[in-house]
Amino acid sequence: MPPELPLTAASLDEQLDYLAKGTVDLFDRDDLRKKLARSASSGKPLTVKVGFDPTAPDIHLGHTVVIRKMRHFQLLGHRVIFLIGDFTGMIGDPTGKKTTRPALSREEIETNAETYRKQIYKLLDREKTEVRFNAEWLGALGSEGMIRLAAKYTLARILERDDFRKRFDAHQPIALHELLYPLAQAYDSVALQADVEMGGTDQLFNLLVGRDLMREYGLEPQVVITLPLLEGLDGVEKMSKSLGNYIGIDEPAESIFGKVMSISDDLMWKYYLLSTDLTAAEIETKRGQVVAGALHPMEAKRELARRIIADFHSAGDAEKADDEFRRVFSDRQMPTEIEETILDAAAEPLPVIKMIVAAGLAPTNNEARRTLTQGGVSIDDARIDDPKATVEATAGRAYLIKVGKRRFGRVVFR
RNA sequence: GGAGAGAUUGCUGAGCGGCCAAAGGCAGCAGACUGUAAAUCUGCCGGACUUCGUCCUUCGGAGGUUCGAAUCCUCCUCUCUCCA
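So for the first sequence, the numbering used here puts the first residue at 66; every next one is plus one.
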């Protein structure tokens with residue numbers, strides 16, 4: 066976590082600019098300005114609410130975009146509510162595709178919440194963070210309360226939502242309870258009397274319903290802020306665990322480093338904007354240097370990787386990961402730490418393919434064979450291209466195996 | 001309640017009763033190249049094996065017709081459309 070900036074002393078406009086960095090929507094700036102001003106004069110911090118899915122407690126870089134913005138509010142002295150949607154989780158956010166979700170038990174929810182807590186304080190200030198569950202008030206609503214809530218909105222307004230609209234037009238199924246999701250989420254804002262709610266751009270509709278509903282309940286409408294969805298490693302789909310294109314913040318530094326290096330040169334700038342605390346101007350300068358040829362894109366990307374790792378691990382870990390990356394990929398040497406697998410010794414020679422699978426370096430024999438045939442396997446620095454090749458499996462024999470560019474393993478027979 | 005359309009290998013999306021382990025795209029993997037696990041190009045891409053081939057399991061589920069079915073028939077499950 067970087068040192069706290071003297072932000073509370075900044076002027077209102079400076080604060081607004083700071084908070085607006087990297088955002089897509091901000092409804093609206095004047096409301097936020099008013100709230101900030103009131104907070105400054107009354108000394109009462111703003112309540113900033115962000116909802117999270119109780120089923121996927123592994124935070125990845127995509128989530129950190131909004132979490133980082135939460136931190137910005139904290140640095141200005143405000144209070145953030147990390148809202149775990151245990152109740153809405155039963156509905157399943159219709160944003161996206163999955164319409165059915167398994168109901169989680171109380172224990173599972175608590176476990177997931179614990180996992181969240183462990184991760185979020187890498188970025189957030191524990192003192193200014195409140196973790197809440199929306200079953201607290203949504204569960205208390207009961208069916209009668211739910212119907213009263215539903216009475217405050219119309220189908221036409223719900224169908225304004227692009228997501229529903231598209232599914233409707235494409236003849237995709239929409240279950241009735243899905244229509245309640247935006248209302249339930251909006252009710253969270255009522256219950257918490259949120260000053261600000263944030264989310265990804267895909268949440269815009271839900272967030273705006275919050276504004277409407279708060280007015281219905283006679284509350285001052287919340288300010289709505291949306292942040293871009295960060296594309297995953299493929300550069301196309303949004304980062305998500307199910308697509309496997311994510312960088313988890315709990316991952317080892319080496320792994321994060323490699324993954325950051327694998328994003329395209331173009332995408333790197335978006336990561337700079339959304340996953341570092343550099344100002345927009347600083348990033349533009351850097352980009353200008355790369356375009357002008359004064360800064361090598363690879364160097365810029367390495368710096369990005371180090372910055373990201375420094376947030377989740379430490380600057381020292383970042384340096385180590387950088388060194389390791391250069392060693393393995395730039396200098397094509399073996400990594401310093403290689404996982405070792407012990408296999409049972411045998412008198413008969415063992416096919417290389419079998420050994421690769423046994424060492425967990427390939428999922429199936431076919432996959433191992435394919436990789437080997439394509440020239441991707443070497444043992445003790447010598448490329449193997451005969452799929453029938455075998456190795457001595459007598460006790461005491463050991464082999465250093467490389468499969469593809471980044472799978473390494475050591476096998477010892479015993 | 002009635003009439004129709006559809007469910008295909010991680011996703012998407014083709015598929016004439018045999019030439020279908022099933023086109024194309026995406027993702028993934030490997031190689032070359034390089035500036036990196038960028039970009040680009042080439043190849044691979046269900047599983048097992050004694051792999052220029054053989055066998056096994058897959059096309060919503062269960063049966064059936066046929067020498068042979070993802071392709072035809074019956075029933076079931078789920079989705080969508082239109083009518084009431």
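Here a beta-carbon is modelled for each residue, glycine too, at the ideal position from N, C-alpha and C. All values reported here derive from a predicted model rather than from experimental measurement.
Same chain only: Cβ atoms within 6 Å of Gly127, ignoring 5 sequence neighbours per side | Counting only Cβ-Cβ distances below 6 Å, and skipping sequence neighbours, we find Leu295 and Met304.
Own chain, CB closer than 7 Å to Leu148, minus 5 neighbours either side, in chain order = Result list for Leu148: Lys114, Val115, Gly116, Phe117, Arg197, Asn199 and Asp253, in chain order.
The stretch 335-353 in contact with the stretch 413-432 per 3-pair CB rule at 8 Å | Taking 8 Å as the limit for Cβ pairs, the verdict is that the stretch 413-432 does not touch the stretch 335-353.
Express the C-alpha separation of Asp228 and Leu214 in angstroms, rounding to a whole number.
-> Going from the Cα of Leu214 to the Cα of Asp228 covers about 22 Å.
Could you tell me the distance, in whole angstroms, from the CA atom of Gln80 to the CA atom of Asn310?
-> Roughly 34 Å separates the two Cα atoms.
How would you call Thr291, buried or exposed, if buried means at least 16 neighbouring beta carbons within 10 angstroms?
-> Classification for Thr291: buried.
Taking the alpha-carbon positions, what's the Val456 to Ser395 distance?
-> Whole-angstrom Cα-Cα distance: 29 Å.
In angstroms with no decimal places, state the Cα-to-Cα distance between Arg392 and Gln258.
-> Distance between the alpha carbons of Arg392 and Gln258: 53 Å.
Contact check, Leu111 vs Phe152, beta carbons under 9 Å | Contact: no.
Mind checking who Ala447 pairs with in its DSSP beta bridge?
-> BP columns for Ala447 point to Ile444.
Measure the alpha-carbon distance for Asp409 versus Phe478 and round it to whole angstroms.
-> Those two C-alpha atoms are separated by around 6 Å.
Can you list the beta strand (DSSP E) stretches of 3 or more residues lying completely in the stretch 228-269, in chain order?
-> Within the stretch 228-269, the complete beta strand (DSSP E) runs of at least 3 residues are 261-265.
Whose CA, out of Leu273, Ala249 and Phe233, lies closest to the CA of Gly154?
-> Gly154 has its Cα closest to that of Ala249, out of Leu273, Ala249 and Phe233.
Among Ile314, Glu302, Lys306 and Leu244, which one has its Cα closest to the Cα of Arg222?
-> Here the closest residue by C-alpha is Leu244.
From the DSSP output, in three-state form, read off His128 for me.
-> If DSSP states are grouped into helix, strand and coil, His128 belongs with the helices.
Name the two residues that bound the continuous alpha helix (DSSP H) containing Ala45.
-> The structure shown does not extend to residue 45, since the chain spans only 66 to 479, so no value can be given for it.
Out of curiosity, what's the CA-to-CA distance linking Ala75 and Thr344?
-> About 15 Å.
With Phe198 as the anchor, note down where its beta strand (DSSP E) starts and where it stops.
-> Unbroken beta strand (DSSP E) run through Phe198: Thr194 to Phe198.
Would you list, in sequence order, the uninterrupted alpha helix (DSSP H) runs of no fewer than 4 residues that lie entirely inside the stretch 419-443?
-> Counting whole runs of 4 or more residues, the stretch 419-443 contains the alpha helix (DSSP H) stretches 430-438.
Taking contact to mean at least 3 C-beta pairs separated by less than 8 Å, is the stretch 448-468 in contact with the stretch 372-390?
-> The stretch 448-468, when compared against the stretch 372-390, does not touch it at the 8 Å Cβ threshold.
Can you name, in chain order, every residue of its own chain whose Cβ lies under 8 Å from the Cβ of Arg230, other than the five neighbours on each side?
-> Counting only Cβ-Cβ distances below 8 Å, and skipping sequence neighbours, we find Leu224.
Same chain, Cβ closer than 8 Å to Leu77, five either side skipped, listed in chain order = Closer than 8 Å at the Cβ level, and outside the excluded window around Leu77, lie Arg98, Leu101, Ala102 and Ala105.
Could you give the residue range of the beta strand (DSSP E) that holds Asp90?
-> It spans Asp90 to Phe92 - the beta strand (DSSP E) in which Asp90 sits, taken as one unbroken run.
Rounded to a whole number of angstroms, what is the C-alpha to C-alpha distance between Arg475 and Asp388?
-> Arg475 and Asp388 have their C-alpha atoms roughly 21 Å apart.
For Arg232, collect the residues of the same chain with a Cβ closer than 6 Å to its Cβ; drop the 5 residues on either side in sequence, then sort them by chain order.
-> Cβ contact annotation for Arg232 (same chain, cutoff 6 Å, sequence separation greater than five): Ile239, in chain order.
Same chain only: Cβ atoms within 8 Å of Phe270, ignoring 5 sequence neighbours per side = The beta carbon of Phe270 sits closer than 8 Å to the beta carbons of Glu225, Arg226, Asp227, Asp228 and Pro247 from its chain, once the five residues preceding and following it are set aside; these are given in chain order.
Exposed or buried, which one is Tyr186 when buried takes at least 16 other CB atoms within 10 Å?
-> Counting Cβ neighbours within 10 Å, Tyr186 comes out exposed, since fewer than 16 surround it.
Is Ala463 helix, strand or coil by DSSP?
-> Of the three classes helix, strand and coil, the one that applies to Ala463 here is strand, per DSSP.
Just confirm the distance between the C-beta atoms of Ile374 and Phe322, as a whole number of angstroms; I'd bet it's less than 8 Å.
-> Their Cβ separation, rounded to whole angstroms, is 6 Å, which keeps Ile374 and Phe322 in contact under 8 Å.
Cutoff 6 Å; reference Gly461; Cβ partners in own chain excluding five residues on either side | No residues qualify anywhere along the chain.
Excluding the 5 residues preceding and the 5 following Arg280 in the sequence, name in chain order all residues of the same chain whose CB lies nearer than 6 Å to its CB.
-> Result list for Arg280: Pro286, in chain order.
Test item: CB-CB of Glu262 and Leu278 under 9 Å = No; because the gap between Cβ atoms is not below 9 Å, this pair is not in contact.
When you compare only the Cα positions, how much space is there between Asp446 and Glu192?
-> Their backbone Cα atoms lie some 53 Å apart in a straight line.
Within 10 angstroms of its Cβ, does Asn177 collect 16 or more other Cβ (buried), or is it exposed?
-> Asn177 comes out buried.
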